[in-house]
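Student: Sequences listed follow chains A and B, in order. At position 314 of the first sequence (counting the first as 1) the number is 314 in full-length UniProt numbering, and the numbers step up by one without a gap. At position 173 of the second sequence (counting the first as 1) the number is 173 in full-length UniProt numbering, and the numbers step up by one without a gap. Mind having a look at this structure? Questions to follow.
Protein chains: 2
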Amino acid sequence: MKIGVIGGGQLGRMLALAGTPLGMNFAFLDPAPDACAAPLGEHLRADYGDQDHLRQLADEVDLVTFEFESVPAETVAFLSQFVPVYPSADALRIARDRWFEKSMFKDLGVPTPTFADIQSQADLDAAVASIGLPAVLKTRTLGYDGKGQKVLRSATDVAGTFAELGSVPCLLEGFVPFTGEVSLIAVRARDGETRFYPLVHNTHEAGILRLSVASTAHPLQGLAEDYAGRVLQKLDYVGVLAFEFFEVDGGLKANEIAPRVHNSGHWTIEGAECSQFENHLRAVAGLPLGSTAKVGESAMLNFIGEVPAVAQVAAIDDCHLHHYGKAFKVGRKVGHATVRCADRATLQRQIAEVQALIQG
Amino acid sequence: MKIGVIGGGQLGRMLALAGTPLGMNFAFLDPAPDACAAPLGEHLRADYGDQDHLRQLADEVDLVTFEFESVPAETVAFLSQFVPVYPSADALRIARDRWFEKSMFKDLGVPTPTFADIQSQADLDAAVASIGLPAVLKTRTLGYDGKGQKVLRSATDVAGTFAELGSVPCLLEGFVPFTGEVSLIAVRARDGETRFYPLVHNTHEAGILRLSVASTAHPLQGLAEDYAGRVLQKLDYVGVLAFEFFEVDGGLKANEIAPRVHNSGHWTIEGAECSQFENHLRAVAGLPLGSTAKVGESAMLNFIGEVPAVAQVAAIDDCHLHHYGKAFKVGRKVGHATVRCADRATLQRQIAEVQALIQG
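See the structure below:
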């Protein structure tokens with residue numbers, strides 16, 4: 001089976017590493033000449049709107065999936081004429097736009113921060129008056145890793161901010177005094193079978209994920225699965241979907257969903273019986289899903305900007321390096337490490353060792 | 001770091017899958033147009049004796065290693081002039097020739113079946129008279145998966161057999177009434193550090209490995225490590241070496257070594273903290289070795305001739321498919337499955353499920 005992937009970054013690369021042993025071949029559509037997934041498959045170097053190359057991709061592959069959600073709706077609609085596309089155009093349309101996404105949460109009774117659609121500075125001023133400060137202004141589409149958003153703490157922050165974010169449609173969100181951030185990686189098969197990985201505790205710095213720790217018997221697991229299940233069913237979703245929550249007052253408020261494999265699920269390569277990458281491929285290919293059970297205790301740490309010397313990473317016990325083969329650049333995700341072991345105390349020690357290397 | 005691999009079959013493919021996350025790139029020298037490792041790296045399609053392509057490979061890569069041992073000695077010697085080669089030409093020269101191999105066992109005090117060098121039918125007749133029947137005649141080089149060998153049970157089997165095996169140098173081995181076959185996968189770093197995986201119980205049919213089960217606290221583990229350690233040190237070996245033993249009278253007799261990653265170590269991809277493939281690459285690249293500790297109970301089953309339907313393999317709990325992407329052909333190794341779980345009873349059930357699929 002040949003899988004077409006829109007995007008050829010590290011998520012595509014890890015999809016190919018998971019899918020090759022299943023006998024799958026891959027083609028990546030990505031305009032970047034140095035797309036890091038390219039060595040593991042065919043590379044169609046073209047813009048996402050290039051209909052000739054989209055048509056070529058559709059002709060060559062059995063199905064198409066995505067490694068990022070900021071794909072133009074027209075691209076998905078065009079592809080869908082010729083080849084099965086998972087997740088669906090509808091699911092992508094909603095997940096890539098914070099207004100549609102938050103409105104869906106509200107409709108489904110999934111708690112989420114107060115929000116308002118912002119189409120102008122006047123909208124913003126009115127929404128701030130209603131929601132209050134602090135609040136966060138985010139572009140409705142194309143934001144990631146803290147980009148395309150601004151925290152508003154005082155009236156000074158509000159003035160002219162709509163223009164500062166590019167005068168594009170935005171969403172204002174009331175600030176949530178959360179005690180933690182967790183994510184739920186879910187996978188849903190074509191036949192509707194759904195499985196969930198254990199909740200993951202995430203730590204961000206400057207808007208970028210740094211550390212994900214898989215939990216054991218988290219008290220909010222059931223609630224998170226309930227909320228995510230409503231969304232998966234509503235979207236008739238196929239594939240892996242990541243659900244980010246704020247922990248607030250012993251409950252959960254939905255932050256956002258990502259309709260793809262997710263950075264906070266990278267630990268599953270070593271830390272779960274079947275990884276998020278393999279399960280995404282199983283789902284889109286119509287195969288039975290794999291077990292989402294944990295294999296020991298594990299945590300994932302991102303390498304931002306540069307990967308430490310391979311010998312130093314390899315010297316840490318039970319540490320698994322994932323080098324993305326990308327050029328090093330400040331603020332760029334260029335690799336990660338997963339530590340896996342039998343108990344929490346050892347895990348904490350191993351996390352500290354990797355952190356020392358990162359800060360070294 | 002770019003690694004050159006002589007051979008581009010499934011072992012090369014799994015080396016690339018293990019090395020890509022370490023940030024390594026691969027080039028495979030293999031004359032086969034459909035070499036199944038080729039999609040994961042550069043493919044230099046040339047004969048193993050093609051000096052132009054060997055020189056090109058040496059110029060492009062940081063080091064060269066092997067995925068099979070039947071490489072002409074001249075190839076290794078030629079490459080070694082230009083680029084580091086691991087394991088060394090000396091280690092390969094001994095491991096690829098049953099006479100050198102068995103003589104080394106004898107010199108090192110490692111028990112092995114009685115053997116004799118056979119250069120003619122007269123040698124064979126004399127050796128049969130001395131060693132007795134049953135016995136096994138094997139070509140000194142190039143044998144694998146039961147090829148290049150013949151079991152001699154009666155005088156009729158002996159007559160004309162030297163010519164039947166091609167009139168090439170052979171080894172006659174006394175038949176060993178073994179109670180089981182085990183293998184030890186060892187890895188030795190450039191600095192001499194050595195690690196061993198748990199002993200593996202192997203089951204062959206018609207000379208081809210069918211089932212490998214990783215053991216727990218095997219009573220012969222220490223003895224096997226002692227024997228293998230002598231060989232590794234003698235050869236100043238770098239990389240993974242597989243050591244096959246017969247279990248005889250509560251002890252071990254050395255059958256053969258393979259100077260490479262080995263089919264009986266494929267379970268380590270899921271079943272050990274660091275796989276034989278990653279550890280081989282760590283060793284040859286001068287990196288610290290990874291842990292050889294088991295992760296749960298696991299077993300590997302080969303798919304010979306054809307891979308069952310992917311959906312059926314994926315439907316078995318905790319079953320991991322490794323499809324080699326090779327054309328199906330009777331008697332050919334085209335894939336394997338590893339089952340991994342927490343306890344032996346579940347493992348036996350899972351093995352039976354995969355076997356039912358194979359026989360189905």
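Quick reminder that beta carbons are idealized off the backbone N, C-alpha and C, glycines included.
Should Leu199 (chain B) and Leu184 (chain B) be called a contact, given that it needs their Cβ atoms to be closer than 7 Å?
Tutor: Position 199 of the second sequence, counting from 1, holds the residue named residue 199 (chain B). Position 184 of the second sequence, counting from 1, holds the residue named residue 184 (chain B). In contact: Leu199 (chain B) and Leu184 (chain B) (Cβ atoms closer than 7 Å).
Student: With DSSP as the reference, identify every bridge partner of His201 (chain B), one or two as the case may be.
Tutor: In the second sequence, counting from the first residue as 1, residue 201 (chain B) sits at position 201. The partner list for His201 (chain B) (beta bridge, DSSP) reads B:Val182, B:Val213.
Student: Does chain B have any CB closer than 7 Å to the CB of Ser291 (chain A)?
Tutor: Numbered from its first residue, the first sequence carries residue 291 (chain A) at position 291. Yes, its Cβ sits closer than 7 Å to a Cβ of chain B.
Student: With C-beta atoms as the reference, is Val284 (chain B) less than 7 Å away from Thr65 (chain B)?
Tutor: On the second sequence, residue 284 (chain B) is found 284 positions in, with the first residue counted as 1. On the second sequence, residue 65 (chain B) is found 65 positions in, with the first residue counted as 1. The answer is yes: Cβ separation under 7 Å.
Student: If we call anything under 7 Å between Cβ atoms a contact, is Val261 (chain B) one with Val240 (chain B)?
Tutor: Position 261 of the second sequence, counted from the start, is the residue given in the question as residue 261 (chain B). Position 240 of the second sequence, counted from the start, is the residue given in the question as residue 240 (chain B). Contact flag set, yes.
Student: Kindly indicate if chain B contains any beta-carbon less than 7 Å away from that of Asp34 (chain A).
Tutor: Position 34 of the first sequence holds residue 34 (chain A). It does not; no Cβ of chain B falls within 7 Å.
Student: Gly251 (chain B): which of B:Gly331, B:Ala352, B:Leu223, B:His43 sits nearest, CA to CA?
Tutor: As a position in the second sequence, residue 251 (chain B) is number 251, starting the count at 1. It is B:Leu223.
Student: Could you tell me the distance, in whole angstroms, from the CA atom of Val182 (chain B) to the CA atom of Phe28 (chain A)?
Tutor: Position 182 of the second sequence holds residue 182 (chain B). Position 28 of the first sequence holds residue 28 (chain A). Approximately 43 Å, taken between the alpha carbons.
Student: Applying the criterion that 16 or more other CB atoms from any shown protein chain within 10 Å of the CB defines a buried residue, is Asp236 (chain B) buried or exposed?
Tutor: The residue given as residue 236 (chain B) occupies position 236 in the second sequence. When all chains shown are included, Asp236 (chain B) counts as exposed.
Student: Taking the alpha carbon of Asn202 (chain A) as the point to measure from, which residue in A:Thr112, A:Leu357, A:Glu247 has its own alpha carbon closest?
Tutor: Residue numbering aside, residue 202 (chain A) sits at position 202 when the first sequence is read from its first letter. Taking only the C-alpha atoms, the option nearest Asn202 (chain A) is A:Glu247.
Student: So, are the CB atoms of Leu137 (chain A) and Thr161 (chain A) less than 7 Å apart?
Tutor: As a working mapping, residue 137 (chain A) is identified with position 137 in the first sequence. As a working mapping, residue 161 (chain A) is identified with position 161 in the first sequence. A contact, by the Cβ cut-off of 7 Å.
Student: Which residues in the same chain have their Cβ closer than 8 Å to the Cβ of Ile351 (chain A), if we skip the five residues on either side of it in sequence?
Tutor: Looking up residue 351 (chain A) in the first sequence gives position 351. Leu211, Val213, Ala299, Leu301, Val339.
Student: Give the residues from the segment 274-289 of chain B that approach chain A closer than 7 Å (Cβ to any Cβ), ordered along the chain.
Tutor: Of all residues in the segment 274-289 of chain B, Arg282, Leu287, Pro288 have a Cβ within less than 7 Å of some Cβ in chain A.
Student: Would the beta-carbon of Leu172 (chain A) fall within 7 Å of that of Ala116 (chain A)?
Tutor: Within the first sequence, numbered from 1, the residue matching residue 172 (chain A) stands at position 172. Within the first sequence, numbered from 1, the residue matching residue 116 (chain A) stands at position 116. A contact, by the Cβ cut-off of 7 Å.
Student: Interface residues of chain B around Ala315 (chain A) at Cβ under 9 Å?
Tutor: Numbered from its first residue, the first sequence carries residue 315 (chain A) at position 315. Correct list: Leu287, Pro288.
Student: Taking the alpha-carbon positions, what's the Pro39 (chain B) to His280 (chain A) distance?
Tutor: Here the question's residue 39 (chain B) lines up with position 39 in the second sequence. Here the question's residue 280 (chain A) lines up with position 280 in the first sequence. Those two C-alpha atoms are separated by around 21 Å.
Student: Name the chain B residues whose beta carbon is nearer than 9 Å to that of Pro84 (chain A)?
Tutor: For the purposes of this step, residue 84 (chain A) is taken as residue 84 along the first sequence, with counting starting at 1. In chain order: nothing, as chain B lies at least about 16 Å away.
Student: Please decide whether Pro111 (chain B) counts as near chain D, where near means a Cβ-Cβ distance under 7 Å.
Tutor: Among the chains of the structure shown, chain D does not appear; the protein chains present are A and B.
Student: Residues of chain A with a CB under 7 Å from the CB of Ala311 (chain B): which are they?
Tutor: On the second sequence, residue 311 (chain B) is found 311 positions in, with the first residue counted as 1. Neighbours of Ala311 (chain B) on chain A, chain order: Leu287, Pro288.
Student: Taking only beta-carbon atoms, is Asp318 (chain A) less than 7 Å away from chain B?
Tutor: Position 318 of the first sequence, counted from the start, is the residue given in the question as residue 318 (chain A). At least one chain B Cβ lies under 7 Å of Asp318 (chain A).
Student: Grab me the residues of Ala35 (chain B)'s own chain with a C-beta within less than 7 Å of its C-beta, minus the 5 sequence neighbours each way, in chain order.
Tutor: As a first step, residue 35 (chain B) must be located in the second sequence, where it is residue number 35. Gly8, Gly9, Phe28, His43, listed in sequence order.
Student: Determine the chain A residues that contact His322 (chain B) at a beta-carbon separation under 7 Å, and present them in chain order.
Tutor: For the purposes of this step, residue 322 (chain B) is taken as the residue at position 322 of the second sequence. Under the 7 Å cutoff, chain A gives Pro21.
Student: Given that a residue counts as buried once 16 or more other Cβ atoms are within 10 Å of its Cβ, and exposed if not, what is Asp30 (chain A)?
Tutor: By 1-based counting over the first sequence, the position of residue 30 (chain A) is 30. The residue is buried, with at least 16 neighbouring Cβ atoms inside 10 Å.
Student: Mind listing the chain B neighbours of Pro39 (chain A)? Cutoff is C-beta to C-beta under 8 Å, in chain order.
Tutor: Position 39 of the first sequence, counted from the start, is the residue given in the question as residue 39 (chain A). Simply Thr20, Asn25, Leu40, Gly41.
Student: Does DSSP put Val168 (chain A) in a helix, a strand or coil?
Tutor: The residue given as residue 168 (chain A) occupies position 168 in the first sequence. Looking at Val168 (chain A) - three-state DSSP - the assignment turns out to be coil, as it is neither helix nor strand.
Student: From Glu164 (chain B) to Val158 (chain B), what does the alpha carbon distance come to, in whole angstroms?
Tutor: Your numbering for residue 164 (chain B) matches position 164 in the second sequence. Your numbering for residue 158 (chain B) matches position 158 in the second sequence. So the alpha carbons of these two residues sit roughly 10 Å apart.
Student: Nearer than 6 Å: is that true of the beta carbon of Cys170 (chain A) relative to any heavy atom of the ligand SAH?
Tutor: As presented, the structure is devoid of all ligands, the ligand SAH included, so that no description of it is given.
Student: List, from N- to C-terminal side, the beta strand (DSSP E) runs of 3 residues or more that fit wholly inside the segment 233-301 of chain B.
Tutor: Runs of the beta strand (DSSP E) inside the segment 233-301 of chain B: 239-248, 251-258.
Student: Please return the same chain residues whose Cβ sits closer than 7 Å to the Cβ of residue 366 (chain A), not counting the five positions on each side in sequence.
Tutor: Examination of residue 366 (chain A) is not possible in this model, given that chain A is present from 1 through 360 alone.
Student: In this structure, does DSSP put Thr112 (chain A) in helix, strand or coil?
Tutor: What you label residue 112 (chain A) is simply residue 112 of the first sequence in a count that begins at 1. Thr112 (chain A) falls in the coil class under three-state DSSP.
Student: For Thr216 (chain A), count the other beta carbons within 10 Å of its own beta carbon; 16 or more makes it buried, fewer makes it exposed. Which is it?
Tutor: Residue numbering aside, residue 216 (chain A) sits at position 216 when the first sequence is read from its first letter. So Thr216 (chain A) ends up on the exposed side.
Student: Whose Cβ in chain B lies nearer than 7 Å to the Cβ of Gly325 (chain A)?
Tutor: Here residue 325 (chain A) refers to the residue found at position 325 of the first sequence. Chain B residues near Gly325 (chain A): Gly23.
Student: What would DSSP say about Thr141 (chain B), mapped onto helix, strand or coil?
Tutor: Indexing the second sequence from 1 puts residue 141 (chain B) at position 141. Coil.
Student: Between Met24 (chain B) and Met1 (chain B), what straight-line distance do the alpha-carbon atoms span, to the nearest angstrom?
Tutor: Numbered from its first residue, the second sequence carries residue 24 (chain B) at position 24. Numbered from its first residue, the second sequence carries residue 1 (chain B) at position 1. Computed Cα separation, rounded: 5 Å.
Student: From Ala58 (chain B) to Ser88 (chain B), what distance separates their C-alpha atoms?
Tutor: As a first step, residue 58 (chain B) is located in the second sequence; it is residue number 58 there, counting from the start. As a first step, residue 88 (chain B) is located in the second sequence; it is residue number 88 there, counting from the start. Cα to Cα, the separation comes out at about 15 Å.
Student: Could you give the uninterrupted runs of the beta strand (DSSP E) lying entirely in the segment 44-119 of chain B, keeping only those of 3 residues or more?
Tutor: The segment 44-119 of chain B contains these whole beta strand (DSSP E) runs: 63-66, 115-118.
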